[in-house]
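Each remark here refers to the structure printed beneath this line.
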Amino acid sequence: MNNMQNQACRSVSVLGTVLTVLSLPAAAAEGAAGAGNGGRSGWDVTLDGGVGVAPRYEGSNRAKVSPAGSADIVYDQGTFFAGNGGIGTTPVRLGNFRLATALGYNGGRLEKDDRAELHGLGNVKHSFLVGAAATYTLGFLEFGATAARGFTGAYGTTVDFSMGTEAPVTESLTLSGAVHAKWADDQHMRHFFGVTPLQAAASGKRAFDAGAGFQAVGFGLDGVYALCGGWALTGAMGSDWLIGDAGKSPVTQRRLQLSGRLGVRYSF
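Residues in the sequence shown are numbered consecutively from 1, following this note's numbering.
Structure representation (structure tokens):
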């Protein structure tokens, strides 16, 4: 393989791998991170498909395997971006600092996600979200904060603080990782981890008043192995430990929450 072919095989870039392991809005995270990755100007389109495994709901002790796919469009390194996580822009770029804003969506929680453990708790309504993600790069580290607020539904407000890095391991393999801590307000905690007296009577679980505070700490690892012609193999894993009222809630069956994904990516 000549040098030109080698360069083509290494051309696949990683967009937003530091913050996309976090919750919402993923699009804002990708916009803030992608704006600082030094990519070419113009339009970048990334299609990703594969299979993922994740808890049936936040706090579940059972996992589900399902198809995992995404389509992301980035213009001018984040001036405009859109994808599964939402749609937004990166209006502030000052040196190593980036600030992105986005509109997104959270699907809430359905009782049928786990009829055995969620029976009697009812559904948590889906929400449309407005969010912002700020990142600052210092050497090989990127520090971030992603805030999301539901303006409909039950989501409430969350803020996710992160620290991550990205490193090329070989000419083809790039790894990135991040640690994070997630804070949630009363509304979010009450709907996702609280149990009202009526729900307690219907479900058999004890009543529980979940209040605002840090909900989880965790880490995520992403890997991209570049192939030729814009193709790449991708993999990701994440681990969260539920803390505070989220860890104490009778809704939570296991504090350790593991997830993973394997897929194929095409970028052009």
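Glycine is no exception: its CB is placed at the ideal position from the N, C-alpha and C atoms.
Span of the beta strand (DSSP E) around residue i
i      : result
Asp48  : Trp43 to Pro55
Lys64  : Ala63 to Tyr75
Gly131 : Ser127 to Leu138
Lys182 : Leu173 to Ala184
Leu262 : Leu256 to Ser267
Leu94  : Gly86 to Leu94
Gln215 : Gly213 to Ala226
Thr101 : Phe97 to Asn106
Thr209 : Residue identity check: residue 209 is Asp in the sequence provided, not Thr. From DSSP, Asp209 is part of no beta strand (DSSP E); its letter is neither H nor E.
Thr157 : Thr157 to Pro168
Arg149 : Leu141 to Gly150
Alpha carbon of residue i to alpha carbon of residue j, nearest angstrom
i      : j      : result
Ala145 : Val51  : 28 Å
Leu141 : His180 : 13 Å
Val264 : Thr234 : 6 Å
Arg254 : Gly218 : 14 Å
Gly83  : Asp209 : 35 Å
Pro250 : Gly211 : 14 Å
Gly69  : Ala232 : 14 Å
Arg62  : Thr46  : 31 Å
Thr157 : Ala207 : 23 Å
Gly42  : Arg109 : 38 Å
Tyr266 : Val65  : 22 Å
Phe143 : Ala132 : 14 Å
Tyr57  : Lys125 : 14 Å
Gly88  : Val195 : 35 Å
Ala201 : Asn123 : 16 Å
Leu256 : Thr79  : 37 Å
Gly39  : Leu138 : Its pLDDT being 47, under 50, Gly39 is placed unreliably by the model, and nothing is read from it.
Tyr136 : Pro197 : 44 Å
Ala236 : Asp76  : 26 Å
Phe161 : Asp72  : 23 Å
Leu262 : Pro55  : 16 Å
Pro67  : Asp185 : 31 Å
Asp48  : Phe193 : 32 Å
Thr90  : Ala147 : 15 Å
Proximity below 7 Å, CB of residue i to CB of residue j
i      : j      : result
Leu121 : Gln199 : yes
Asp240 : Ser176 : no
Phe81  : Tyr105 : no
Val74  : Leu103 : no
Val53  : Gly260 : yes
Thr252 : Gly59  : yes
Cβ-based neighbour list, residue i, same chain, cut-off 6 Å, excluding 5 preceding and 5 following
i      : result
Leu99  : Val92 and Ala134
Trp183 : Val159 and Phe214
Leu258 : Ser239
Arg149 : Val130 and Thr157
Where the alpha helix (DSSP H) through residue i begins and ends
i      : result
Leu277 : This structure cannot settle anything about residue 277, because the visible part of the chain is limited to 1 through 268.
Ala201 : Pro197 to Ser203
Ala246 : Gly244 to Lys248
Sequence-distant residues of the same chain with beta carbon closer than 7 Å to residue i, five excluded per side
i      : result
Phe268 : Val45 and Gly230
Ala216 : Lys182, Asp240, Trp241, Leu242, Ile243 and Ala246
Any non-hydrogen atom of the ligand FMN closer than 6 Å to residue i Cβ
i      : result
Leu258 : Although the ligand FMN was asked about, the structure shown includes no ligands whatsoever.
Count Cβ pairs between the region 143-158 and the region 166-177 that sit closer than 8 Å; are there 3 or more? no
For the region 107-114 against the region 82-99, do three or more pairs of beta-carbon atoms, one drawn from each stretch, fall closer than 8 Å, so that the two count as touching? no
Check whether the region 187-206 touches the region 159-167, counting contact only when three or more Cβ pairs, one atom from each stretch, lie closer than 8 Å. no
Is it the case that the region 241-254 contacts the region 219-231, given that we only count it when at least three CB pairs across the two stretches are under 8 Å? no
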